[in-house]
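Accompanying notes for the structure given below.
Residue numbers (our numbering), protein chains in the order written: chain L, 773 to 886; chain S, 368 to 481.
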């Protein structure tokens, strides 16, 4: 299995631009998570899905962030408009069982907003 | 709600010495506990997990952790570290009712010196 695949690996954009991060979970995994990692805040859960439905998005700034999972093998995290404080590494992770199963992480997207 | 506190942000240690990385959690409900490792420019990988049963859990790369319910701790140990163990280590907790949503600690940077 190829694991969780994220694209792009690096993204540099200017403040105010739209940014779209992409994730392909492991086949058969019905939980998908988006985390953001910064030096100051550590790993923060932004949103997670179960069977393509949003289960919890309480960690996601609703005014500029949106997350979608149009099918079982693809998810996007969109930031519009982007701001310098959004600079971070964004991780996607998936798992196949409630609670007990470990998360499988992608290698992350490093976002820099100038 | 759950929270995780990793008591040391950095732990320097010499090669072949023992190491303990400390983790305390807070939760009003039963939880699952995990340790993950992150190497530079990579996503997180599972080291070990505690779901139930024996409080001493063995993981990959010679690591083990002990669940102590009365002290709400889940400390990670290795009797003899290698240079290759240099990485960041994250303790995480999930509510057994909430489908894999992991809350992470701030991380401990383990630096193994020759």
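Positions of the beta carbon are idealized from the N, C-alpha and C atoms, including for glycine.
Near-chain L residues of the segment 402-431 of chain S (beta-carbon distance less than 7 Å), N- to C-terminal order: 409, 410, 411, 413, 416 and 418
Contact set between the segment 433-460 of chain S and chain L, restricted to residues whose Cβ is under 9 Å from the partner: 457 and 459
Neighbouring residues, chain S, relative to residue 817/L (Cβ below 9 Å): 468, 469, 470 and 471
CB of residue 778/L within 9 Å of CB of residue 860/L, strictly: It is not a contact, given that the beta carbons lie outside the stated cut-off.
Neighbour list for residue 879/L in chain S, Cβ cutoff strictly below 9 Å: 408, 409 and 410
7 Å CB neighbourhood of residue 471/S in its chain, flanking five on each side removed: 371, 457 and 459
Boundaries (first-last residue) of the beta strand (DSSP E) holding residue 777/L: 777-779
Distance, residue 786/L Cα to residue 430/S Cα: If I take the Cα positions, the gap works out to 43 Å.
Reference residue 374/S, options 380/S, 455/S, 385/S and 389/S, closest by Cα: Cα-wise, what sits closest to residue 374/S is 389/S.
Where residue 440/S falls: helix, strand or coil (DSSP): strand
Below-9 Å beta-carbon distance, residue 828/L vs any chain S residue: yes
Residue nearest to residue 869/L in terms of C-alpha spacing, selected from 476/S, 427/S, 449/S and 399/S: 399/S
Within chain S, the residues that residue 800/L reaches when beta carbons sit closer than 8 Å: Simply none; closest approach about 14 Å.
9 Å Cβ cutoff, residue 788/L in contact with chain S: no
C-beta neighbour in chain S for residue 776/L, strict 9 Å: yes
Which listed residue (792/L, 782/L, 789/L and 805/L) has its alpha carbon closest to that of residue 876/L: 805/L
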